[in-house]
Amino acid sequence: MLEVRTPKSERARRELGKRAPKLVENGKKTLILQGTKTSNVLNTVLTDIYHLKRGTAIKYSRRNDNIRPFESGGETSLEFFSLKTDCSLFVFGSHSKKRPDNLVLGRTYDHHIYDLVEVGVENFKSMDSFSYNKKLAPKVGTKPFFAFIGEGFESVEELKHLKEVLLDLFRGEVIENLNLAGVDRVFVCTVLSGNKVFLTHCALRLKRSGTVVPRMELVEVGPSMDLVIRRHRLPSDGLRKEAMKTSLEKPKKKVCHTFHLNTLMSLCM
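If you read the sequence shown in UniProt numbering, its first letter stands for residue 1, the second for the next number, and so on.
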């Protein structure tokens with residue numbers, strides 16, 4: 001593991017504090033990396049995800065032969081890179097005869113593996129393969145809508161888990177106020193079977209409707225792909241409880257101020 005040295009300056013202490021677990025977390029960054037072998041399809045998938053996460057993602061180009069997220073000891077390097085880059089989300093791509101075009105999507109808590117979803121990529125279409133008015137291209141910093149279509153997202157454990165991870169991966173920073181002008185795209189996820197989902201990325205085109213509310217049309221801008229769930233691992237109950245901890249609003253203390261005049265009076269506020 002990466003050695004955490006005792007900070008010697010105020011600036012270093014602040015930086016270390018930013019990386020520590022918090023009740024209200026900072027915006028999440030994503031680490032994108034690859035295994036020993038990848039395919040052309042998978043390389044393009046990783047590149048497109050990096051473009052979608054522009055500004056909040058770090059992409060490693062070198063290959064990693066010792067990362068196996070589902071195996072004991074195979075997560076050590078992954079957790080090392082998570083701590084080094086301060087990324088709490090990761091996308092790991094690998095390709096083999098047994099698991100072709102394989103993606104592992106995962107989250108970390110305190111830079112240790114929290115949960116994992118492994119999917120196979122099928123019927124992939126890259127962002128470059130779509131033709132559309134480039135003015136519709138989503139801009140950096142905009143917020144997406146999400147559309148999850150299919151009862152499986154509420155009833156099938158694997159699909160519910162994939163939904164959680166996809167939301168965390170693509171929603172960006174959580175904000176309190178939203179300008180609708182900055183919502184210009186949507187991720188559409190459709191259940192195809194008990195372990196298969198169609199994912200596509202669309203731009204929103206606003207058209208006149210004859211009313212104050214404009215009519216919205218979806219324009220597919222990519223990428224799009226089928227995701228076939230191969231394996232998944234949920235966090236333990238104890239780890240989930242720790243990660244989901246929320247702050248309780250402390251009651252306001254009664255403060256008493258004492259004044260010495262001709263007589264002793266207490267004013268309580």
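Idealized CB from N, CA, C, for every residue including glycine.
Quick one: grab the DSSP three-state call for I49.
helix
What is the residue span of the alpha helix (DSSP H) that T85 lies within?
T76 to T85
Under the rule that 16 or more other beta-carbon atoms within 10 Å means buried, what is F92, buried or exposed?
By the neighbour-count definition (other C-beta atoms within 10 Å, threshold 16), F92 is a buried residue.
Pairwise C-alpha distance: R215 and V228:
33 Å
Report yes if the C-beta distance between S94 and T38 is below 8 Å; otherwise report no.
yes
Distance between L46 and N40 (C-alpha atoms, nearest Å):
Spanning the two alpha carbons is a distance of roughly 10 Å.
Does DSSP classify residue 293 as helix, strand or coil?
As shown, the chain starts at 1 and ends at 269. That puts residue 293 outside it, with no answer to give.
Measuring alpha carbon to alpha carbon, tell me which residue in V165, N179 and E151 is nearest V191.
In terms of Cα proximity to V191, the closest of V165, N179 and E151 is E151.
First through last residue of the alpha helix (DSSP H) which encompasses E151
No alpha helix (DSSP H) contains E151, which DSSP labels as neither H nor E.
Distance between beta carbons of T44 and L169, contact taken as under 8 Å:
L169 to T44, Cβ: 17 Å. No contact.
Selected residue, minimal CA-CA separation from S193, among R11, V156 and L103
V156
Rounded Cβ spacing between T142 and R185 (contact assumed at less than 8 Å)
7 Å
Is the Cβ-Cβ distance between L103 and V121 less than 8 Å?
yes
Three Cβ pairs or more, each shorter than 8 Å: is that satisfied between the stretch 202–213 and the stretch 67–76?
No, the stretch 202–213 is not in contact with the stretch 67–76.
Closest by C-alpha distance to L166, when choosing among V219, T85 and H201
H201
So if DSSP puts T38 in a beta bridge, which residue, or which two residues, is it bridged to?
Answer is none; T38 lacks a bridge partner.
Nearest CA to the CA of F145: which residue from H111, C189 and T85?
C189
Name the one or two DSSP bridge partners that F90 has.
L31 and G106
Give me, in chain order, the residues of the same chain whose beta-carbon lies closer than 7 Å to that of K53; leave out the 5 immediate sequence neighbours on both sides.
Same-chain partners within the cutoff: T30.
Starting from the C-beta of H260, find all residues in its chain whose C-beta is less than 8 Å away, skip the five residues before and the five after it, and write them out in chain order.
Annotation note: pLDDT 48 at H260 (below 50); position unreliable, coordinate value reported separately. Correct list: empty, nothing qualifies.
Of all the options S96, G106, Y60 and G73, which has the alpha carbon lying nearest to the alpha carbon of Q34?
Y60
For A203, report the span of its beta strand (DSSP E) as first-last.
Per DSSP, the unbroken beta strand (DSSP E) holding A203 starts and ends at K196 to K207.
I need the DSSP call for L267, collapsed to helix, strand or coil.
Confidence at L267 is low in this model, with a pLDDT of 41, below 50, so the placement of that residue is unreliable and no value is reported for it.
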